[in-house]
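Written below as structure tokens is the structure these notes are about.
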Amino acid sequence: YGRVGHDRSAGGMGIRLDGGTAFSGAFVQPYYDSLLVKVTTRGRRFIDAVRKMDRCLHEFRIRGVKTNIPFLINLINHPDFRDGLCTTTFIDRTPELFALPRRRDRATRLLQFLGETIINGNPLVKDRPVATRRVPALLPQYDPSQPRPKGTRDRLLELGPEKFADWLKNEQRLMITDTTFRDAHQSLHATRFRTYDLLHVAEAYSYLLPQLFSLEMWGGATFDTSMRFLKECPWERLERMRAACPNILFQMLLRASSAVGYTNYPDNVVREFCKQAAASGIDVFRIFDALNWTENMQVAMDAVREAGAICEASICYTGDLMNPGRTKYDLKYYINLAKDLEKRGAHILAIKDMAGLCKPEAAAKLISALKQEVGLPIHFHTHDTAGIQAASLLRASDVGVDVVDTAMAPMSGGTSQVNLNTLCEALHFQPRDTGLSTATLDEVAEYWRHVREFYLPFESSVLPGTADLYNHEMPGGQYTNLFEQARALGMADQWHDVCQAYAQANRLVGDIVKVTPTSKAIGDLALFMVANEVTADDILANQRNLAFPESIKDLLSGAMGQNPGGFPTDVQQIILGDRKPFTGRPGDTLHPADFAAEEKRVTDLLGRPATNQDVLSSLQYAKVFEEFVQHRKDYGDTSVLPTPNFFFGMQPGEEISVDIEQGKTLFIKFLATGTPHPDGRRTA
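If you're matching positions, the sequence shown starts at 105 in the working numbering and goes up one per residue.
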């Protein structure tokens, strides 16, 4: 009993409906006759009538009150009922009739979310600029009826990782990775791009750009932000994109023993995560350690190889090869790391220049030396924060780099990657021509230009592009995020001071490699220094009793890994106090995760059997995963909503279509909002 929130009856030939109290807004009394509607079907044969009844019952939509529809569906589909073998004790001896499936009620929950967003707004875009574009982004033209061209993934499946690496090393073309699907929007828009927009263009890539080496589209911050902010399942994003684009390599960023989290996890979690990610669609695992500690990369590297995927081991670049006064990170340092990673089983060697520090001549010097010293293909990743990295890619190309990371024109530059379109045009008719059509790239870029307009609320107001980068050495993926943190703390006008404090904090802890999670520790310390008006010299003087951020304590204690050469002992003593640092690998001291116990806990949370993906998500982000599950229970899968409507709801008179599954489309029109009720609620 209760109030009927929505009623939609079925009908058709051979179906009779005798109405009771079935209409939207009706109140069903908790007494004898709570009949909503009586359904009668007929057919030439009994089985025909049963099939009509089954179809009819499935088409009913009655919300707000419980009905006996699930029971009736079980009843008419039971073999004994269909064979006419029922007796008066049939229900008593057939308890499975009461094993009722949970109704998904997807439409009502999506409407609930839209109503909530229209009335109260989406907290993600609170106090941010409103995106003016609401019309869909237009896709580039392609013909899906034609055979899909062969791509790099087809070659990997044919050759296997080892032979594929040999093919790559001997390829004349400069191969291109497109980072638009992950690192570009992570760097420019705090990783806020939704699956809806990424998936929409994935099939077009498979037909128009099969010459690409890979799409960098998963890992890094996407796993966290997709659940925490966008309320999407990262595994669903991966699998849906894999189905749409099966012929181009998919690449992810893996934080070694931190997997896709911000702390070290037990080795069995890392192994199982790599295995599941490969099974779900990842082909290339770019593995890095935040301190270039290769021992901490071994578990992940072995797991990737066992999964049959490509192990791309990374060296994080920092310092300045061209500066004779900076000898800590010299050419010998990088060559020794490369040789070590080759021995440990890497298929491809990546140079991960996360801050865009690798100047053009440094790139040429480093890559030419590595090509002589190791026998692996080399993949060069950089950020265009200083505005000069196109020159670094071109010099790297001159000395034989095999693959470079770039981003589609509208998503390039600044803290993102170099412009893919212009780089390819610059190499046309040259020995290292990429084989990519500039005209086709520009058509695809037009799609991204429109999509970027949806994410105006997340555009950063901080402008990169100064030589100060070579002083503070802040990673491109952190630059805008740290500015947002500073703004939230009321320090937006002190951004220059934050950058200077970042440089001081780095030197204070021993001039380390700065990338997630070590970069976060340095950033936290920089904000702490500005907020408390202290310098590195003040900290060393140890005249004040300061409560340092927990992240910097984790860094100096060894919880994030070991820094080659160690940390300054005097700084450790000041910041750690009585906390004792340890020198081993964190994974060696962590107890293996109990997958069976976690599966039971997640099953109880979900109300359905937990998948391996659910368990892995929970093991890395327990609280975030719980909040995501609650969102799904309340509102369903909101990733199917168009991006403007997800962030800003609907405007009066606006009508949208929402595909909730193949063959099922909701047409939703927003009419108006009502006046406030006495309890403060409003009706949309």
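The beta carbon of each residue, even a glycine, is placed where N, CA and C say it ideally should be.
message: Can you tell me where the alpha helix (DSSP H) holding G123 begins and where it ends?
response: Per DSSP, G123 lies in no alpha helix (DSSP H); the unbroken beta strand (DSSP E) holding it starts and ends at 119–123.
query: How is the alpha helix (DSSP H) around E577 delimited, first residue to last?
result: From DSSP, E577 is part of no alpha helix (DSSP H); its letter is neither H nor E.
- prompt: Are the beta-carbon atoms of R186 and V154 separated by less than 8 Å?
  reply: R186 is a Cβ neighbour of V154, given a cutoff of 8 Å.
query: Looking only at its own chain, which residues have a Cβ that is under 8 Å from the Cβ of Q276, when we skip the five neighbours before and after it?
result: Answer for Q276: P535, R536, listed in chain order.
message: Nearest by alpha-carbon distance to R556: which of A235, F175, I151, P227 is it?
response: Measuring from the Cα of R556, the nearest candidate turns out to be A235.
- request: With DSSP collapsed to three states, give me the class of W397.
  value: Residue state for W397 is assigned as coil, using DSSP reduced to three classes.
message: I'd like the span of the alpha helix (DSSP H) that includes Q608, first residue to last.
response: That run of the alpha helix (DSSP H) goes 599–612.
- prompt: In three-state DSSP terms, what is R167?
  reply: Three-state result, R167: strand.
field: Straight-line gap, L263 to K254 (C-alpha atoms, nearest Å)
entry: Distance between the alpha carbons of L263 and K254: 14 Å.
Helix, strand or coil at E792 according to DSSP, with G and I counted as helix: No answer is possible for residue 792: the residues shown for the chain start at 105 and end at 788.
Cβ-Cβ separation, A360 to D393 (assumed contact under 8 Å), whole Å: That belief holds up - the Cβ atoms of D393 and A360 are roughly 5 Å apart, short of 8 Å.
field: Counted within 10 angstroms of its Cβ, other Cβ atoms place I151 as buried (16 or more) or exposed
entry: So I151 ends up on the exposed side.
task: Out of L723, Q133, G115, I386, state which residue places its alpha-carbon closest to the alpha-carbon of T145.
output: The option with the nearest alpha carbon to T145 is G115.
task: Determine the burial state of K684: buried for a count of at least 16 other Cβ atoms within 10 Å of its Cβ, exposed for fewer.
output: A residue is called buried when at least 16 other Cβ atoms come within 10 angstroms of its Cβ; K684 does not meet this threshold and is exposed.
query: Enumerated in chain order, which unbroken segments of the alpha helix (DSSP H) with a length of 4 residues or greater are wholly contained in the region 135–215?
result: Whole alpha helix (DSSP H) segments, 4+ residues: 150–163, 173–180, 183–186.
- prompt: Which residue comes first and which comes last in the beta strand (DSSP E) that contains I772?
  reply: Per DSSP, I772 belongs to the beta strand (DSSP E) from 768–773.
In chain order, each alpha helix (DSSP H) run of at least 4 residues that lies wholly inside the region 226–288: Here the runs fully enclosed are 256–263, 265–274.
Limits of the beta strand (DSSP E) - the one that M356 falls within: Start and end: 353–358.
query: From M515 to V675, what distance separates their C-alpha atoms?
result: Cα-Cα distance, rounded: 40 Å.
task: Note down the Cα distance separating N667 from A383, rounded to an integer number of angstroms.
output: N667 and A383 have their C-alpha atoms roughly 33 Å apart.
- prompt: Out of curiosity, what's the CA-to-CA distance linking A530 and A592?
  reply: In this structure, the straight-line span from the alpha carbon of A530 to that of A592 is close to 41 Å.
task: For the alpha helix (DSSP H) containing H483, list its first residue and its last residue.
output: No alpha helix (DSSP H) holds H483; the beta strand (DSSP E) holding it covers 482–486.
query: Taking buried to mean at least 16 other C-beta atoms within 10 Å of its own C-beta, is F771 buried or exposed?
result: The residue is exposed, with fewer than 16 neighbouring Cβ atoms inside 10 Å.
- request: Determine the extent of the alpha helix (DSSP H) in which D111 is found, giving its start and end residues.
  value: Careful: D111 lies outside any alpha helix (DSSP H), inside the beta strand (DSSP E) at 110–112.
message: Under 8 Å: do the region 566–586 and the region 281–300 share three or more Cβ pairs, one atom per stretch?
response: Short answer: they touch.
Helix, strand or coil at N636 [DSSP, three-state]: Here N636 sits in helix by DSSP.
- prompt: In three-state DSSP terms, what is D763?
  reply: Looking at D763 - three-state DSSP - the assignment turns out to be strand.
- request: Since I believe D424 is in contact with G460 (beta carbons under 8 Å), could you give me their beta-carbon distance rounded to a whole number of angstroms?
  value: Contact flag wrong, Cβ pair sits at about 12 Å.
query: H600: which of H485, T570, Y433, V132 sits nearest, CA to CA?
result: With distances taken between Cα atoms, H600 lies closest to T570.
field: I195, buried or exposed, once every other Cβ within 10 Å from all chains shown has been counted against 16
entry: It counts as exposed.
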